[in-house]
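Student:
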Amino acid sequence: MRAFDYVRPATVQEAVAAASEPGAAYLASGTNLLDLMKGGISRPTRLVDISRLPDLDHIEDLADGSMRIGALVRNADLARDPSFVRRFPAVAEALRSGASPQLRNAATVGGNLLQRTRCAYFYDTASACNKRDPGSGCDARDGDNRLHAVLGWSESCIATHPSDFCVPLVAFDAVVEVEGRGGRRDIPLETLHRLPGTTPDRESVLEPGEMIVALRLPAEAARFAEHARYLKVRERTSYAFAVVSASAALRIVDDTITDARLALGGVATKPWRARDAERILAGGGADASNFRRAAEAALAEAKPSGNNGFKIELARRTLARALALARAGTPKRSPALPASPLAFSGVAHV
Amino acid sequence: MDLSMTLIVNGVTKTIQLDDPRVTLLDLLRERLGLTGTKKGCDRGQCGACTVILDGRRVNSCLALAISHDGAHVLTIEGVAQGNRLHPLQEAFVAHDGLQCGFCTPGQIMSAIGLIQEAEAGDDPERVREGMSGNLCRCGAYQGITEAVIEAQKIIGGTGRREVA
């Protein structure tokens, strides 16, 4: 690990000033950053410790029905907050399916949104990686790329975004509140993460020093609470990143879908909202053929970035299965294996 | 910035002068405080061998920067027995052969203390396995570990979250 200066500002404004300098990085819990620093992938010259900043660890129900979640709320605390679980069960399920209990106890909401890709070539400093070292190339293109992106990728970068949490968040139109030198602004989560294009090193639209201070879920998202699921296909039962995942939420009246919110994970450099599929479902029946049509639409633009063509059909099936689970209804209690296809019971295969 | 800090480790206040902010909580415990019960396995948050209870919650001490936790309470494996009386989880690991080589055991036990405090798994083996999934055991003693956690949960689970540790 490279040497760095350590500062612990007392206010958000001081933190923004301290982190606006070149080479500075925010430290919240550090579950991702310290790992990257140990591997030499991240080499900040200054760590700005924001873990003790006041008032950023609250979960609030706002008067307009939305929920505001401070950036320093721990993933585990959010996943067991009763109001959050009741109103946004698919988001809670996604949180509980991520990482390990120890990591969820430490990792923060803001850190989860900004976690870096798990691409093995990004992690291996001996490999070419345009994200880590712009202009060096992409060894994943000709490498072991079976888990890489099938949507939104470019010749420069085929990495995926690893967050589970972000997948239902982007489906439900979550908004991040950001504090920077120019004051506070709102950014829809859907536009927070950038597509790689020719600049995969620029992962978000945040300006230098800008800090996520809170996340908001709109009241509208809670209207899907009766039929909202997250489904995550992994290479082992637990404690693994998604090969592909899907968040599916429906509003159903008399067996007709009146509205849908859909997103995919593990398929692109950002959490992937599936709006075309939502439009196909709205007004139709909650049946397997419509779920399959929606899944086809969600993956219509997909193409393999290497030896990963299987992910396209896997993503279709995962989304269709997630829709069938959502139709069956949100479970009263979180499943023993959150988001797992193995926790599946009582719903016919799609 | 001044790198002096305090840490309340197993109930004892320690004053520490760091010479470098890069020290992790794991390295501080092992190298500076001589508490080598907490193990360094992968050192990257993947294996769980370094699990401690930090301010009441189980975490990977390898991914915690020590200076960031100035003033925190830490419970390590050295602090769970009362004199010669083993903690119920230690007794249950012995009774159920929840180990072979023993390297992962301190992390397993600290993680299980955290799991029982969190009070979400109960005696459901599937939930216990999922709740212990952040702790790897290369000897494959998972069957005994699961049985030990369920037995200890029955003994201490009803005493309330605060008293488990």
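Note that the protein sequences, when read in sequence, are chains A and B. Per the working numbering, residue 1 is the first one in the first sequence, and the count goes up by one each step. Per the working numbering, residue 351 is the first one in the second sequence, and the count goes up by one each step. Yeah, the Cβ is synthetic: ideal placement off N, Cα and C, and Gly gets one too.
#1: What in chain B is Cβ-close to Arg234/A, meaning under 9 Å?
#2: I'd like to know whether the C-beta atoms of Leu371/A and Ala294/A end up nearer to each other than 8 Å.
#3: Which first and last residues belong to the beta strand (DSSP E) in which Glu60/A is found?
#4: With DSSP run on the structure shown, which of helix, strand or coil describes Leu337/A?
#5: Would you say Leu415/B faces chain A, with C-beta separation under 8 Å as the test?
#6: Could you tell me the distance, in whole angstroms, from the CA atom of Arg184/A to the CA atom of Gly209/A?
#7: Quick one, which residues of the stretch 474-503 of chain B are near chain A if we go by CB-CB under 7 Å, in chain order?
#8: Taking Leu264/A as part of the alpha helix (DSSP H), name the residues at either end of that continuous run.
#9: Based on DSSP bridge pairs, tell me the residues matched to Gln432/B.
#10: Would you check if the stretch 91-104 of chain A and the stretch 329-343 of chain A touch, i.e. whether three or more CB-CB distances between them fall below 8 Å?
#11: For the beta strand (DSSP E) that Ser247/A lies in, which residues bound it at each end?
#12: Among the residues of its own chain, which have a CB less than 6 Å from the CB of Gly510/B, if the five just before and after it don't count?
#13: Can you list the alpha helix (DSSP H) stretches of 4 or more residues lying completely in the stretch 440-483 of chain B, in chain order?
#14: Residues in the same chain with beta-carbon distance under 6 Å from Ala24/A, minus the five sequence neighbours each way, listed in chain order, please.
#15: Could you tell me whether the Cβ of Tyr121/A comes closer than 8 Å to any Cβ of chain B?
#16: Which residue's Cα is closest to the Cα of Asn308/A: Met1/A, Ser51/A, Arg52/A and Arg146/A?
#17: Can you check whether the C-beta of Leu465/B is within less than 8 Å of a C-beta belonging to chain A?
#18: With DSSP collapsed to three states, give me the class of Ile70/A.
#19: Can you give the Cα-Cα distance for Val359/B and Asn112/A, rounded to whole angstroms?
#20: Can you tell me whether Glu313/A is helix, strand or coil according to DSSP?
#21: Which residues bound the beta strand (DSSP E) around Thr496/B?
#22: Just to confirm the assignment, what range does the beta strand (DSSP E) spanning Ser411/B have?
#23: What in chain B is Cβ-close to Asp81/A, meaning under 8 Å?
#24: With 9 Å as the limit, tell me which residues of the stretch 1-22 of chain A have their beta carbon closer than that to any beta carbon of chain B; keep them in chain order.
#25: Taking buried to mean at least 16 other C-beta atoms within 10 Å of its own C-beta, is Ala10/A buried or exposed?
#26: Are the CB atoms of Leu231/A and Ser245/A within a distance shorter than 8 Å?
#27: Following the continuous beta strand (DSSP E) through Pro188/A, name the residue where it begins and the one where it ends.
#28: Do we get a CB-CB distance below 8 Å when we pair Asn105/A with the residues of chain B?
Tutor: This is what the structure holds:
#1: Within 9 Å Cβ-Cβ: nothing; Arg234/A doesn't reach chain B, min ~11 Å.
#2: There is simply no residue 371/A to check, as chain A begins at 1 and stops at 350 in what is shown.
#3: From DSSP, the beta strand (DSSP E) with Glu60/A extends over Ile59 to Asp61.
#4: Shown here, Leu337/A sits in coil according to DSSP, grouped into three states, outside any helix or strand.
#5: Interface residue, yes.
#6: Taking the straight line from one Cα to the other gives about 12 Å.
#7: Listed by position along the chain: Asp474, Glu476, Arg477, Glu480, Gly481, Ser483 and Gly484.
#8: First-last for Leu264/A: Thr256 to Gly265, but that is the beta strand (DSSP E), not the alpha helix (DSSP H).
#9: In DSSP, Gln432/B forms a bridge with Arg435/B.
#10: In this structure the stretch 329-343 of chain A lies against the stretch 91-104 of chain A, because at least three pairs of beta carbons, one per stretch, are closer than 8 Å.
#11: That run of the beta strand (DSSP E) goes Val244 to Val253.
#12: Low per-residue confidence applies at Gly510/B: pLDDT is 47, beneath 50, and the placement is therefore not dependable, though the value from the model is reported in the following sentence. So the list is empty, once near-sequence residues are dropped.
#13: For the stretch 440-483 of chain B, whole alpha helix (DSSP H) runs of length 4 or above, ordered along the chain, are 455-468 and 475-481.
#14: Within the same chain, Cβ atoms closer than 6 Å to the Cβ of Ala24/A are found at Arg46 and Val48, the five residues on either side in sequence being excluded.
#15: Cβ-Cβ to chain B under 8 Å: no for Tyr121/A.
#16: The option with the nearest alpha carbon to Asn308/A is Arg146/A.
#17: Yes, contact with chain A.
#18: Rather than Ile, the amino acid found at residue 70/A in this sequence is Gly. Gly70/A: strand per DSSP, three-state reduction.
#19: Taking C-alpha positions only, Val359/B is separated from Asn112/A by approximately 29 Å.
#20: Helix, per DSSP.
#21: The continuous stretches of beta strand (DSSP E) do not include Thr496/B, which lies in the alpha helix (DSSP H) extending over residues Tyr492 to Ile506.
#22: Element bounds for Ser411/B: n/a, residue is neither H nor E.
#23: For the C-beta of Asp81/A, not a single chain B residue is nearer than 8 Å; the gap to the nearest is close to 13 Å.
#24: When C-beta distances to chain B are compared with 9 Å, the residues of the stretch 1-22 of chain A below that value are Met1, Arg2, Ala3, Phe4, Asp5, Tyr6, Val7 and Arg8, in chain order.
#25: Exposed is the call here.
#26: Remark: C-beta atoms of Ser245/A and Leu231/A approach each other more closely than 8 Å.
#27: Annotation: the continuous beta strand (DSSP E) that includes Pro188/A extends over Gly183 to Pro188.
#28: It does; some Cβ of chain B falls within 8 Å.
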